[in-house]
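Residue numbers (the UniProt record's numbering): 1 to 245. No residue lacks a Cβ here, since even glycine has one placed at the ideal position from N, Cα and C. A quick note: this is a predicted structure, and the numbers were derived from the prediction, not measured.
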Amino acid sequence: MSGLLVAIGFLTRIPVPVAVFERAGAQARSLPWYPLAGALIAALLAVLAALVPAKSPLLAAALVLAAWVLLTGALHLDGLADSADAWIGGLGDRDRTLAIMKDPRCGPAGVTALALVLLLKFAALATLLAGADRAWLLAPVLARAALALAFVGTPYVRANGMGSALVEAARIPVAIALLLTLVAAAAFAVAGGIALLAAALVFLLWRRACLRRLGGMTGDTCGALAELTETAVLVALAWSAAAMP
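#1: Please classify Lys-55 as buried or exposed, where buried requires at least 16 neighbouring CB atoms within 10 angstroms.
#2: For Arg-29, is the classification buried or exposed, using 16 other Cβ atoms within 10 angstroms of its Cβ as the cut-off for buried?
#3: For Arg-212, is the classification buried or exposed, using 16 other Cβ atoms within 10 angstroms of its Cβ as the cut-off for buried?
#4: Can you pull the DSSP bridge partners for Tyr-156?
#5: Mind reading off the beta-carbon distance from Thr-229 to Ala-146? Whole number of angstroms is fine, and I expect it under 8 Å.
#6: Taking Cβ to Cβ, would you say Ala-139 is nearer than 7 Å to Leu-234?
#7: For Val-117 and Ala-62, what's the separation of their Cα atoms in angstroms?
#8: Is the segment 111-128 touching the segment 71-88, taking contact as three or more C-beta pairs under 8 Å?
#9: Is Pro-35 closer than 7 Å to Thr-231 when the C-beta atoms are compared?
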């Protein structure tokens, strides 16, 4: 269970015992628990959404999104902003792109990316909450499942980066976690299939872009993957819900 605690402590701002991070191989053992950490985030957000009056979907969307950001400490939003700045400012050059990612300042591309992602999430959540559609709970789960898949299936290019220890995770436990995630998505029937397709498309495009530009991934690009996956899943579900007669 120490792996689960490490996953929760790293991916959220929920307090966990500091000692679990000090155990040898703790980060690697945490990777299979990433989807479950996403499920915990989803459960807490679902409780909040249920407390808001059904006639106030805009308020519910704003509160859920704010809680989502606070609960995760904007960890992946930071990676999204750094990746956006680096991808634009890197001008196709690998070394320049990696150097810009290390810059703590946020440029116009990063700010724009943050604004667009948050706007899309808010609009999609408002649509889904208005229709009492619970499939949106898959977004944080699939995003963290995508991270688990990324670490076992894509080279990590920073030797001493924050996620370098995760690439040592055992493949079989991660595969089981991903299989259970697919089962969970299947429970939502058609909506689950739509969410999976959106997540898969983002993952394939992200992986291709990272391999072509960097030869692999970094912690920042993984943060971008999580945010883009969540956004794509929410938008795809909202689009589908709005298109239904």
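Working from what's here:
#1: exposed
#2: buried
#3: exposed
#4: Met-217
#5: 5 Å
#6: yes
#7: 14 Å
#8: yes
#9: no
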